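With our numbering applied, the sequence shown closes on residue 409, and no number is skipped along the way.
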Amino acid sequence: MSITNSLVDVPGILVGQIEDLTALTGCSVVLCTAGAVGGVDQRGGAPGTRETDLLRPMHLVEKVHAVVLTGGSAFGLDAATGVVRYLEEQDVGFDVRVARVPIVPAAVIFDLGIGDPKVRPDAEMGYRACLAASDQSLHEGNAGAGAGATVGKILGMAGAMKSGIGSASRDLGG
């Protein structure tokens, strides 16, 4: 395995991304089917999230099975439903005796003002991102959730600049 200094360097991590470059939106899925300890630092004036409370200490669930980053504002949270469906089909999740419940926190960005606001990540897009997941090189920039990402909007869209998605990893020698 080559070192890419991205999330895919971490053993057991797969990343899948799907984007619609015409509508300028998409979603990115980090799969960790064996489970991984997660954490959250929620910022911003209007955060849109799903199940991020599970990432805080003192909760029953200790591991997540995927993390979804998506465009589409609150509408885009539906992409996590497709990831849950995919993981259920793989028999991955928190064992509650009668079923395995996939733990899939998600967070959104607001990209409705840059592309087509009627096209948003949905459950099908989240599912397709899972099917595309691999441990090979990770596309950055206008990939997945980065397709419609912008920064510098404090004074409105006139001051916005294009941004994207990226990741990093560090080998701590352990």
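For each residue, glycine too, the CB sits at the ideal point set by N, CA and C. Note that this is a predicted model, so its numbers are computed, not measured.
Cβ-based burial, residue i [other Cβ within 10 Å; buried from 16]
{"i": "residue 291", "result": "exposed"}
{"i": "residue 332", "result": "exposed"}
{"i": "residue 322", "result": "buried"}
{"i": "residue 337", "result": "buried"}
{"i": "residue 324", "result": "exposed"}
{"i": "residue 246", "result": "exposed"}
{"i": "residue 330", "result": "exposed"}
{"i": "residue 371", "result": "exposed"}
{"i": "residue 314", "result": "buried"}
{"i": "residue 277", "result": "exposed"}
Three-way DSSP call (helix, strand, coil) for residue i in this model
{"i": "residue 376", "result": "strand"}
{"i": "residue 243", "result": "helix"}
{"i": "residue 289", "result": "helix"}
{"i": "residue 301", "result": "strand"}
{"i": "residue 369", "result": "strand"}
Endpoints, the beta strand (DSSP E) within which residue i is located
{"i": "residue 322", "result": "Per DSSP, residue 322 belongs to no beta strand (DSSP E); it is in the alpha helix (DSSP H), 314-324."}
{"i": "residue 251", "result": "249-255"}
{"i": "residue 261", "result": "260-271"}
{"i": "residue 443", "result": "This structure gives no information on residue 443, because the portion of the chain shown stretches from 236 to 409."}
Whole-Å CB distance - residue i paired with residue j, under 8 Å assumed
{"i": "residue 303", "j": "residue 318", "result": "6 Å"}
{"i": "residue 339", "j": "residue 300", "result": "6 Å"}
{"i": "residue 250", "j": "residue 306", "result": "No, residue 250 and residue 306 are not in contact; Cβ-Cβ is about 16 Å, not under 8 Å."}
{"i": "residue 320", "j": "residue 362", "result": "6 Å"}
{"i": "residue 403", "j": "residue 240", "result": "6 Å"}
{"i": "residue 373", "j": "residue 243", "result": "5 Å"}
Residue span of the alpha helix (DSSP H) that contains residue i, given as start and end
{"i": "residue 364", "result": "358-366"}
Exercise for review: Decide if the segment 244-263 is in contact with the segment 378-389; the criterion is three or more beta carbon pairs, one per stretch, under 8 Å apart.
Suggested key: yes
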